[in-house]
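A short worksheet on the structure shown next.
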Amino acid sequence: MGISNRAKNFLDALREKFTIDDAKEHLSPKYENIPITLRTVTRSSPSIIERIWRQLLKMGVTAEAKTELADPFTVQSAENYQANIENMIGTVKIPVGVIGPLRVNGLHANGDYLIPLATTEAALVASYNRGAKAVNKAGGVTVTTLANTVLRSPVFRFENILQSGLFIEWLTRQEEELIKAAQSTTSHGKLIALTPMIDAELVYILCGFSTGDASGQNMVTFASEAMCQYILEHCPIKPISWFLEGNLSGDKKASFLSVMKGRGRKATAQVELSHTIVESVLGVSVEQFLEYVRIANLGALMAGQIGAQAHYANGLAALFLATGQDVACVSETSIGFTRAEETENGLKFTVTLPNLIVGTVGGGTGLPSQKAGLELMGLKGSGHANAFAEVAAGLILCGELSLTAAVAGGQFGMAHMRLARGRKTNASTRS
């Protein structure tokens with residue numbers, strides 16, 4: 001058995017730079033002149049930002065960094081960000097593009113929608129816009145939201161399996177009281193499912209909540225904690241220990257459980273494209289397109305990918321940044337399934353996203369730029385979360401459609417070369 005060349009090359013490169021003693025010195029804990037960690041400040045104001053920057057400048061941070069991050073407009077509107085940040089020193093400017101209007105034929109979103117995308121990746125907005133053009137020529141994308149369940153998974157530890165069983169027996173008789181306890185913390189969320197899962201002396205409780213128009217991450221945390229407090233106060237079988245989150249819920253992690261049960265809103269989107277549209281807009285034949293989809297899905301299977309898709313994360317991250325969603329949720333939201341099949345007139349193309357953690361109220365949706373992004377879509381405020389999920393699913397379909405066609409038709413590398421390198425600043429905005 002031989003050691004891989006990759007490992008040998010890496011070790012050789014380290015040996016050229018470090019002796020064993022050097023490496024030991026670099027990797028050892030160091031207790032001299034331990035830095036004093038910045039004090040956490042939960043309020044935001046011009047004076048607080050200035051005070052923190054005085055500390056940073058003394059630490060050697062450049063004045064140029066302050067100029068870029070703490071521009072006058074940001075500093076003067078610092079209070080707007082207070083509920084969303086600690087130790088605020090400014091804002092990061094990410095370019096925002098727009099695609100569409102995209103025609104969405106959904107149960108909740110029904111109309112033509114402009115969609116803002118915040119990204120630093122050239123070619124991304126152009127690609128999604130091309131997908132939207134193809135979809136519009138086909139009469140729009142058909143979309144529906146299928147479910148809304150946000151999960152939290154408290155866990156209780158007992159002395160033995162018998163106690164775990166007795167606890168579950170007690171739990172099954174407490175449905176109304178547990179719902180009441182959870183409801184005491186929210187007027188919008190509702191406990192709709194409760195599944196105990198036993199592993200010897202451990203009992204995980206998978207709690208499913210509907211969350212109204214909020215993405216609901218904090219909502220389900222507060223409600224679950226209230227429910228657990230009721231359990232601790234009233235259950236005759238006392239746990240040795242308990243934790244609010246047992247890491248079963250899939251929060252900000254890709255998991256098979258989330259695929260099967262869904263975490264957030266589940267949405268599916270579909271479009272039927274004629275041969276003419278595929279060839280004229282996407283620049284590829286239906287046969288080439290379908291061949292690549294088959295090969296790519298096999299590649300996903302061989303890689304052990306959860307789901308089978310090309311790049312859900314690209315569109316979701318850009319949309320989330322532009323509209324105040326929890327961007328870290330892209331780690332779970334970007335799971336899904338892309339399918340394509342031949343029809344008599346062309347092809348049918350489908351995407352399904354089981355874990356859309358999105359909302360139109362709460363969290364970052366009220367920040368100035370992000371609120372403007374939702375206003376641009378016509379989906380700001382309460383009553384629009386399901387519609388937002390359907391537009392998001394339509395967006396993802398556009399991105400999958402365009403990228404698949406680009407790779408299938410040999411356009412992928414050239415498109416990035418043309419759009420990402422040496423592009424003139426006055427490039428045409430015509431599609």
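Counting in my numbering, the sequence shown runs from 1 upward without gaps.
Glycine is no exception: its CB is placed at the ideal position from the N, C-alpha and C atoms.
Residue i, enclosing beta strand (DSSP E) - first and last residue
| i | result |
| --- | --- |
| L146 | V141 to R152 |
| P196 | K190 to D199 |
| C207 | L202 to S210 |
| K266 | G264 to S274 |
| P444 | No information on residue 444 is available, as it lies outside the stretch 1 to 431 that the chain covers here. |
| I115 | N110 to A118 |
| S241 | S241 to F243 |
| R157 | V155 to R157 |
Assumed close pair residue i, residue j - CB separation to whole angstroms, cut-off 8 Å
| i | j | result |
| --- | --- | --- |
| A193 | T145 | Not confirmed; about 17 Å, so no contact. |
| A182 | L171 | Between L171 and A182 the Cβ distance is about 13 Å, and since that is not below 8 Å, they are no contact. |
| L257 | C207 | That belief does not hold up - the Cβ atoms of L257 and C207 are roughly 13 Å apart, past 8 Å. |
| A389 | L356 | 5 Å |
| A387 | G359 | In fact, because the Cβ distance is near 12 Å, the residues do not count as touching under 8 Å. |
| A269 | L178 | Rounded, the Cβ-Cβ distance is 35 Å, inconsistent with contact. |
| G189 | T211 | 5 Å |
| T186 | M219 | 5 Å |
| A147 | G262 | 5 Å |
| N87 | I52 | 6 Å |
Residue burial classification, residue i (beta-carbon count within 10 angstroms, cutoff 16)
| i | result |
| --- | --- |
| T120 | exposed |
| E332 | buried |
| K8 | exposed |
| M260 | exposed |
| K253 | exposed |
| S402 | buried |
| H234 | exposed |
| N5 | exposed |
| V109 | Position check: residue 109 holds Ala in this sequence, whereas Val was assumed. When all chains shown are included, A109 counts as buried. |
| P239 | buried |
| A380 | With the sequence shown as reference, residue 380 is identified as Lys, and Ala is not the correct amino acid for it. Classification for K380: buried. |
| I89 | buried |
| A223 | buried |
| F73 | exposed |
| D21 | exposed |
| T425 | Confidence at T425 is low in this model, with a pLDDT of 49, below 50, so the placement of that residue is unreliable and no value is reported for it. |
| G100 | buried |
| R15 | exposed |
| A13 | exposed |
| K17 | exposed |
| R265 | buried |
| M414 | exposed |
| L347 | buried |
| G336 | buried |
| Y31 | exposed |
| A296 | buried |
| T37 | exposed |
Residue i vs residue j beta-carbon contact at 9 Å
| i | j | result |
| --- | --- | --- |
| S127 | G383 | no |
| L117 | V98 | yes |
| V464 | Y292 | Residue numbering for the chain in the displayed model covers 1 to 431; residue 464 lies beyond these limits and cannot be assessed. |
| V391 | Y113 | yes |
| S153 | Y230 | no |
| V155 | L202 | yes |
| A310 | T338 | yes |
| I237 | Q163 | yes |
| G394 | V41 | no |
| Q76 | V284 | no |
| R130 | V281 | yes |
| G363 | S215 | yes |
| V271 | G140 | yes |
| A122 | N160 | no |
| L290 | E225 | no |
| A308 | L301 | yes |
| A134 | I115 | no |
Extent of the continuous alpha helix (DSSP H) run through residue i
| i | result |
| --- | --- |
| L316 | Y312 to T323 |
| R339 | Where R339 is concerned, there is no enclosing alpha helix (DSSP H), although the beta strand (DSSP E) it sits in stretches over G336 to E342. |
| R97 | Correcting the residue identity first, residue 97 is Gly in this sequence and not Arg. G97 -> not in any alpha helix (DSSP H); beta strand (DSSP E) instead, spanning V96 to G106. |
| G165 | I161 to L171 |
| N448 | This structure gives no information on residue 448, because the portion of the chain shown stretches from 1 to 431. |
| L298 | V286 to A303 |
| H26 | I20 to L27 |
| T42 | Careful: T42 lies outside any alpha helix (DSSP H) and carries neither H nor E. |
| Q76 | P72 to Q76 |
Residue i Cβ short of 8 Å to the ligand NAP heavy atom set
| i | result |
| --- | --- |
| V155 | Although the ligand NAP was asked about, the structure shown includes no ligands whatsoever. |
(request) Indicate whether the contact test is met: 3 or more Cβ pairs, each with one atom in the segment 367-384 and one in the segment 314-330, closer than 8 Å. (result) A contact exists between the segment 367-384 and the segment 314-330.
(request) Examine the Cβ distances between the segment 87-107 and the segment 58-71 and report whether three or more of them are shorter than 8 Å. (result) Contact holds: three or more Cβ-Cβ distances are below 8 Å.
(message) Using a Cβ distance threshold of 8 Å, determine whether the segment 351-362 contacts the segment 273-284, with at least three qualifying pairs required.
(response) Under the three-pair Cβ rule at 8 Å, the segment 351-362 does not count as touching the segment 273-284.
(request) Check whether the segment 104-113 touches the segment 243-263, counting contact only when three or more Cβ pairs, one atom from each stretch, lie closer than 8 Å. (result) Result no; under three Cβ-Cβ pairs closer than 8 Å.
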